[in-house]
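The opening residue of the sequence shown carries number 13 in the numbering used here; numbering runs sequentially from there.
Working notes for the structure below.
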Amino acid sequence: MASIKRDGLADRRFSMLLLMTYGLVGLSLCAVGIYGLLAQTVAQRTREIGIRMALGARGSDVVRHVVLGTTMTVLAGLVVGGLSALLATRFVEHMLFGVTPTEPLVYVSVLGIVLFVALLAAYLPARRATRIDPLEALRAE
13 MASIKRDGLA DRRFSMLLLM TYGLVGLSLC AVGIYGLLAQ TVAQRTREIG
63 IRMALGARGS DVVRHVVLGT TMTVLAGLVV GGLSALLATR FVEHMLFGVT
113 PTEPLVYVSV LGIVLFVALL AAYLPARRAT RIDPLEALRA E
């Protein structure tokens, strides 16, 4: 019986494995995209960051400024993505068993993971920006 049950669920397991893989690839692309975009933005704003630091801004102020600016954009994306996911549940509903398609814990967990990854991807270029020497930044360009 165990063999028959396992064979009967093999297609569903494979589908879920594929969906999980696509999700991990999407999360990785999200992190790399945000990191690349912010690294470019911080590089373009080197002069501004140098002026801020020359005027007395601390490194934590620069990090907070960059990360908070990113947070608003990421939160807007999470709202749109969360609503889109809720609408798309009807396409995967037949593959789920043991959970409802609109399980709140799953949605909160996934949105939390995406937010954490996005903020980490924003933090790294912001942290690197704090190492900018104000004189070098003003001489740049």
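Glycine included, every Cβ here is placed at the ideal spot set by N, Cα and C.
Look at Leu108 here: in three-state DSSP terms it is coil, with no helix or strand label. Assignment of Met13 by DSSP, reduced to helix, strand and coil, places it in the coil class.
Rounded to whole angstroms, Val92 and Leu123 show a C-alpha spacing of 11 Å.
When Thr58, Met28, Leu67 and Leu41 are compared, the shortest CA-CA separation from His106 is found for Met28. Annotated three-state conformation of Gly68 is coil, per DSSP.
Around the beta carbon of Thr33, fewer than 16 other beta carbons lie within 10 angstroms, which makes this residue exposed. For Glu148, the enclosing alpha helix (DSSP H) begins and ends at Pro146 to Arg151.
In this structure, Val54 keeps its C-beta atom at 7 Å or more from the C-beta atom of Pro146. Linking Ile46 to Val111 through their CA atoms gives a straight-line distance of about 32 Å.
Cβ contact annotation for Ala130 (same chain, cutoff 6 Å, sequence separation greater than five): Ile46 and Val86, in chain order. Non-local beta-carbon contacts of Ile144 in its own chain, meaning distances under 8 Å to residues more than five positions away in sequence, involve Thr58, Ile61, Gly62 and Met65 in chain order.
The Cβ-Cβ distance between Leu50 and Ala134 falls below 7 Å.
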